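Peer 1:
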Amino acid sequence: MGAFPEATTVGPRPGPAPSPAPPRIGVLALQGSFALHAAVLRRLGIEAVEVRRAAALEGLDGLIIPGGESSTMLKFLLEEDLFDPLVAFQRDGGALYGTCAGAILMARTVENPAQKSLGVLDIEIQRNGYGRQLESHLGACPCSALGEPDLPLVMIRGPVISDTGPRVEVLAEWRGQPAFVREGKVLATTFHPELTDDTRIHAYFLELAAEAREATSRKSGGTISR
Ligand code: GLN
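So the sequence shown is residues 30 to 255, counted in this note's numbering.
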């Protein structure tokens with residue numbers, strides 16, 4: 030036996046692993062139903078940042094682009110110099126979720142009429158694609174990714190997704206057209222879950238944003254700097 034007692038490991042006490050910090054989420058607050066999205070996130074325990082300037086994107090893991098009027102929102106995006114920073118946010122790994130007008134803004138191609146768009150989601154989309162006589166309607170659509178029951182669907186002058194690229198997953202359909210899609214950490218719905226009591230799509234988005242947060246902290250060795 031040596032002169033010294035056997036070495037013991039000095040370190041943190043064993044215990045439950047610390048729960049990961051929640052993702053930081055912003056809601057684009059230029060126009061449209063941003064306050065309702067913030068309210069859903071609050072129900073899920075997340076206090077969202079209202080984004081009106083590019084500087085507010087700093088440090089966020091996910092951003093929701095709400096419904097509203099896409100041409101008006103586009104005008105404000107350009108006026109506030111937010112267009113390129115939003116493209117960069119997605120390119121740098123931030124999660125995005127666009128509802129209705131938000132989906133239009135994120136699309137690769139917008140028609141009816143054609144309109145400039147961020148091109149962060151590989152879809153072609155027709156504005157007001159359900160036609161005037163069906164400007165607003167209610168429904169429900171199955172979504173196997175989110176389980177039972179069917180997702181309640183509120184459609185307000187909603188667009189129709191008329192084409193999806195090869196990396197786009199269709200998570201739910203309405204009247205034979207994609208209504209909820211995902212490409213990596215980008216989600217879009219042509220309908221408005223923030224107008225229902227169903228928080229599953231927002232919770233799903235928070236999971237993607239948490240992945241974005243983890244990826245960023247791994248890249249920066251623990252300090253998050255997006
Ligand atoms: N029709 C609107 C547009 O083209 C979108 C409607 C909505 O977001 N509910 O921008």
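From the three backbone atoms N, C-alpha and C, an ideal C-beta is built for every residue, glycine too.
Note that the coordinates shown come from a computational prediction; the quantities given were computed from them, not determined experimentally.
Does at least one heavy atom of the ligand GLN sit under 6 Å from the Cβ of A130?
Peer 2: By 1-based counting over the sequence shown, the position of residue 130 is 101. Within the cutoff, so yes.
Peer 1: Give the DSSP bridge partners of Y126, in chain order.
Peer 2: As a position in the sequence shown, residue 126 is number 97, starting the count at 1. Answer is I93, L216, bridged to Y126.
Peer 1: From the DSSP secondary-structure annotation, give me the bridge partner or partners of A136.
Peer 2: For the purposes of this step, residue 136 is identified with residue 107 of the sequence shown, where counting begins at 1. L150, per the DSSP bridge assignment.
Peer 1: Rounding to the nearest angstrom, what Cα-Cα distance links R196 and K214 in this structure?
Peer 2: Mapped onto the sequence shown, residue 196 falls at position 167. Mapped onto the sequence shown, residue 214 falls at position 185. Each residue's Cα considered, the two are about 11 Å apart.
Peer 1: Which two residues bound the contiguous beta strand (DSSP E) that contains V189?
Peer 2: Translated into the one-based positions of the sequence shown, residue 189 becomes position 160. Taken as a continuous stretch (DSSP letters only), the beta strand (DSSP E) holding V189 covers 189-193.
Peer 1: Which same chain residues end up closer than 8 Å to E198 when comparing Cβ atoms and leaving out the 5 residues on each side of it in sequence?
Peer 2: Here residue 198 refers to the residue found at position 169 when the sequence shown is read from its first residue. If we look at E198 and ignore the five residues flanking it on each side, its Cβ neighbours are V210, R211, E212.
Peer 1: Taking 6 Å as the cut-off, is the CB of E98 close to at least one heavy atom of the ligand GLN?
Peer 2: Looking up residue 98 in the sequence shown gives position 69. Within the cutoff, so yes.
Peer 1: What did DSSP end up calling S165 once you bin it into helix, strand or coil?
Peer 2: As a first step, residue 165 is located in the sequence shown; it is residue number 136 there, counting from the start. S165 falls in the strand class under three-state DSSP.
Peer 1: DSSP beta-bridge partners for P181?
Peer 2: Taking the sequence shown and counting its residues from 1, the one referred to as residue 181 is at position 152. Looking at the DSSP assignment, P181 forms a beta bridge with A169.
Peer 1: Quick check: the segment 98-117 against the segment 62-76, are at least 3 beta-carbon pairs closer than 8 Å?
Peer 2: No, the segment 62-76 does not touch the segment 98-117.
Peer 1: Assuming T225 and G187 form a contact by the criterion Cβ under 8 Å, report the distance between their Cβ atoms to the nearest whole angstrom.
Peer 2: Locating residue 225 in the sequence shown gives position 196, counting from the first residue. Locating residue 187 in the sequence shown gives position 158, counting from the first residue. About 14 Å separates the two Cβ atoms, so there is no contact after all.
Peer 1: Verify the contact flag: R71, CB atom, against every heavy atom of the ligand GLN, threshold strictly below 6 Å.
Peer 2: Sequence index remark: in the sequence shown, residue 71 carries index 42 (1-based). Incorrect: R71 has no Cβ contact closer than 6 Å to the ligand GLN.
Peer 1: What are the partner residues of G158, as DSSP defines its beta bridges?
Peer 2: Locating residue 158 in the sequence shown gives position 129, counting from the first residue. G158 is not bridged to any residue.
Peer 1: Going by beta carbon distance, what residues of the same chain come within less than 7 Å of D192, once the five residues before and after it are set aside?
Peer 2: The count along the sequence shown starts at 1 and reaches residue 192 at position 163. The answer, listed in chain order, is I152, E153.
Peer 1: The alpha helix (DSSP H) that contains E108, what's its start and end?
Peer 2: Counting from one through the sequence shown, the residue named residue 108 turns up at place 79. Where E108 is concerned, the enclosing alpha helix (DSSP H) stretches over 99-108.
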